[in-house]
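The structure under discussion appears below in the form of structure tokens.
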Amino acid sequence: MKPRLVLKLGGELLEAPADLQPIAAGIARLARRACVVVVHGGGREIDAALATAGIPKRQVDGLRVTDARTLDVVVSVLAGAINTRLVAALRGAGARPVGLTGADAAVVTLRRAAPIASVAGRTVDLGLVGSPTANGAPQLLTDLLARGYLPVVACIGATRRGQLLNVNADTLAAHLAAALRASRLVIAGGTSGVLDAGGRTIERLSASGAARLIRAGTANKGMVAKLEACRAALRKGVGDVLIANGRHVPFDLLAGARGPLAGCTQVVR
12 MKPRLVLKLG GELLEAPADL QPIAAGIARL ARRACVVVVH GGGREIDAAL ATAGIPKRQV
72 DGLRVTDART LDVVVSVLAG AINTRLVAAL RGAGARPVGL TGADAAVVTL RRAAPIASVA
132 GRTVDLGLVG SPTANGAPQL LTDLLARGYL PVVACIGATR RGQLLNVNAD TLAAHLAAAL
192 RASRLVIAGG TSGVLDAGGR TIERLSASGA ARLIRAGTAN KGMVAKLEAC RAALRKGVGD
252 VLIANGRHVP FDLLAGARGP LAGCTQVVR
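Here it is in structure tokens:
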């Protein structure tokens, strides 16, 4: 039986064809060895669209503060341009992708996120941002995986009452990895894993070590959300988490290799 794996792709990997095409080819190869669910973000393209619309950007600890106008842009960029572009690239690479959002067939059910205590010590209301609720393995994803499809999920979801909400892509990926009982979560972005104070990749990191990096302020704002997602996934039974540079990660090895990989940080319990 093929292992299950959730792969989160940062939006910075999905903008240029020079990046997207080899990544799509790598994912297509990986999908022949594992049951893969892809979750994607799109932060930089959202930022650009907000700037064009004259809407100010606001983030706290790597999490986007979302009002109604911002949410309209988020939905348009993620569910429209980026998801369709990624699905087309994966199709061209020989995979069988199906483009989705978290709202489709209750792939994820969200509740409005509670105000958070920021690293700086302030309490912040993130607005129209959701937190996943525990609702078991999404039937749509398990059905698609059983039939050999590759679900590609944009990080948008809805509440039980149908209110659309933005959800952080790392948070959504961690939730789906746990719900699907995935053996591994891979968070792929533009940096080579978690870096130490000297800029070197930390090859192996425990969940408690990740918590120390967050408390010490060593992790930058974008990495805080990733490390919190790692800790959540591990607490809920995911085997391990790899934080990797998506431009260089050896996709073929992700379904099999259990130890650290070059240029990646392996986060374990």
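To convert, take the position in the sequence shown, counting from 1, and add 11; that gives our numbering.
Note that the Cβ used here is the ideal one computed from N, Cα and C, for glycine as well.
- Here LYS68 is exposed: its Cβ has fewer than 16 other Cβ atoms, across all protein chains shown, within 10 Å.
- Taking 9 angstroms as the cut-off, the Cβ atoms of LEU97 and LEU31 count as close.
- In the three-state scheme derived from DSSP, where H, G and I count as helix and E and B as strand, ARG123 is classed as strand.
- The beta carbon of GLY201 sits closer than 8 angstroms to the beta carbons of GLY21, GLU23, LEU24, ASN256, GLY257 and ARG258 from its chain, once the five residues preceding and following it are set aside; these are given in chain order.
- In the DSSP annotation of this structure, the continuous segment of the alpha helix (DSSP H) that includes HIS186 starts and ends at 180 to 190.
- Closest by C-alpha distance to ALA189, out of ASN177, ALA240 and ALA208, is ALA240.
- About 22 angstroms separates the CB atoms of GLY52 and ALA148; that is not less than 8 angstroms, and the two are not in contact.
- Burial is judged here by how many other beta carbons sit within 10 angstroms of a residue's own beta carbon; ARG75 has at least 16 and is buried.
- Secondary structure at ILE34: helix, using DSSP grouped into helix, strand and coil.
- Sorting LEU264, VAL164, SER87 and ALA266 by C-alpha distance to the C-alpha of VAL119 places VAL164 at the top.
- THR153 has its alpha-carbon roughly 14 angstroms from the corresponding atom of LEU111.
- The Cβ atoms of ALA185 and ALA145 do not sit closer than 9 angstroms to each other.
- Just so you know, the alpha carbons of ALA64 and ALA157 end up roughly 42 angstroms apart.
- By the Cβ-count criterion, MET234 is buried, with 16 or more other Cβ atoms from all chains shown falling within 10 Å of its own Cβ.
- According to DSSP, CYS241 shares a beta bridge with no other residue.
- In this structure, LYS19 lies near VAL197, with their beta-carbon atoms less than 9 angstroms apart.
- Residues of the same chain with a CB within less than 7 angstroms of the CB of LEU175, apart from the 5 flanking positions on each side, are LEU82, VAL86, ALA114, ILE167 and ALA169 in chain order.
- For THR229, the three-state secondary structure derived from DSSP is coil.
- No Cβ-Cβ contact shorter than 9 angstroms links ARG192 with GLN277.
- A straight line joining the alpha-carbon of ILE127 with that of GLY105 spans about 42 angstroms.
- If you draw a straight line from the Cα of ASP78 to the Cα of GLU56, it is about 17 angstroms long.
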